[in-house]
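**Q** Reading the sequence shown from the start, the letters are residues 65 to 326 in this note's numbering.
We put the CB at the ideal spot given by N, CA and C, even for glycine.
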Amino acid sequence: MTDSLEKKPVRHLLGLSGGKDSSALAIYMRDKVPEMEYFFADTGAELPETLEFIDLLENYLGKPVVRLNADRDFDYYLQLHNNFLPSPRQRWCTVNLKLIPFEKFVGNDEAISYIAIRADEPSRSGYISKKPNIHTRMPFRDDGITIEDVENILESSGLGKPKYYDWRSRSGCYFCFFQQQEEWAGLNKYHPDLFEKAKEYERPDERTGKLFTWNPTGSLDKVVQKANSKNVQCKKPLISKKLIENIAGNSDDNDGCLICMK
Ligand code: SF4
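#1: Considering only the alpha carbon of each residue, which of Ala291, Glu122, Phe239, Gly273 lies closest to Pro152?
#2: Check each candidate in Ser283, Ser193, Pro256, Gly224 and name the one with the smallest Cα separation from Asn160.
#3: Does the Cβ of Asn172 have 16 or more other Cβ atoms within 10 Å, making it buried, or fewer, making it exposed?
#4: Exposed or buried, which one is Asp95 when buried takes at least 16 other CB atoms within 10 Å?
#5: For Gly236, is the beta carbon positioned less than 7 angstroms from some heavy atom of ligand 1?
#6: Just curious, the alpha helix (DSSP H) that Ser151 is in, first and last residue?
#7: Have a look at Ala88 and Pro203 and give me their C-alpha separation to the nearest angstrom.
#8: Specify whether the segment 219–238 and the segment 110–120 touch according to this definition: at least 3 beta carbon pairs, one from each stretch, less than 8 angstroms apart.
#9: Would Ser187 be called buried (16 or more neighbouring beta carbons within 10 Å of its own) or exposed?
#10: Taking 6 angstroms as the limit between beta carbons, can you name the residues of its chain near Ile303, skipping five residues before and five after?
#11: Name the two residues that bound the continuous beta strand (DSSP E) containing Ile181.
#12: Taking Cβ positions, are Phe259 and Glu266 nearer each other than 8 angstroms?
#13: Tell me whether Pro268 sits in a helix, a strand or coil according to DSSP, three-state version.
#14: Quick check for students: name the residue ranges of the alpha helix (DSSP H) that lie wholly in the segment 97–127, counting only runs of 4 or more.
#15: By the 10 Å Cβ neighbour count, where 16 or more other Cβ atoms means buried, how is Arg182 classified, buried or exposed?
#16: Using a C-beta cutoff of 8 angstroms, does Tyr228 count as contacting chain D?
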């Protein structure tokens, strides 16, 4: 039997999104699976806080986090989709910028993909690779790890949570359509330059004149206006602590994105 016919070892892969669950899983698995390969599918539209946290995590893990860059960027795929912005029902962004780069990274190798689904989350499917050579493992679910444990893992590591959790409930692109009104207001407040860039994507359809918007309730200016006026009426700060807790506590609802936001 020649070397070339010997079976290749199974690869162990853990995808980081810059979110708290996948970060905690990486910390949790670091010493359990030393041969783990970490990767991060950068959409090119990540928040600066996410990129900063991935760097910190890489340092903590003591291994490189492979940056997967899609061959083409968001604007290329937007054009390919006739300038229709992605939406919860049309998730072409996740497929092209996250899922396909991941599958290319694995190729035909036998691999175990470690997914950060917690024990206190309902069953979820979708946006996990269905390729037969990629096998899924969920150590948090197997070991009964809940949101409280995740918070503890991050705290005890000394890393804590990425800074965007002060105003946003999930990782992902700065213009992600899953954001709540108050999170758009947060983007406007903390990253006005990115908010303006997100606004530039909202434009009328050349044929129908209909405005494509990130949020189904209207243009980003209107969304932020509404969020701010709610706060004026309530005489509360722009983003209340309770709201952040509510959003964070609901981070496992089924409109989230396993690849982008865990
Ligand atoms: S974070 Fe949102 S906008 Fe970005 S790829 Fe994921 S679903 Fe699409």
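**A** Concretely, from the data shown:
#1: Phe239
#2: Ser193
#3: exposed
#4: exposed
#5: yes
#6: Unbroken run through Ser151: none, as it is neither H nor E.
#7: 11 angstroms
#8: yes
#9: exposed
#10: Residue confidence for Ile303 is low, a pLDDT of 45 falling below 50, so the modelled location carries little weight and cannot support an answer.
#11: From DSSP, Ile181 is part of no beta strand (DSSP E); its letter is neither H nor E.
#12: no
#13: strand
#14: 112–125
#15: buried
#16: Absent from the structure is chain D; it holds one protein chain and no more.
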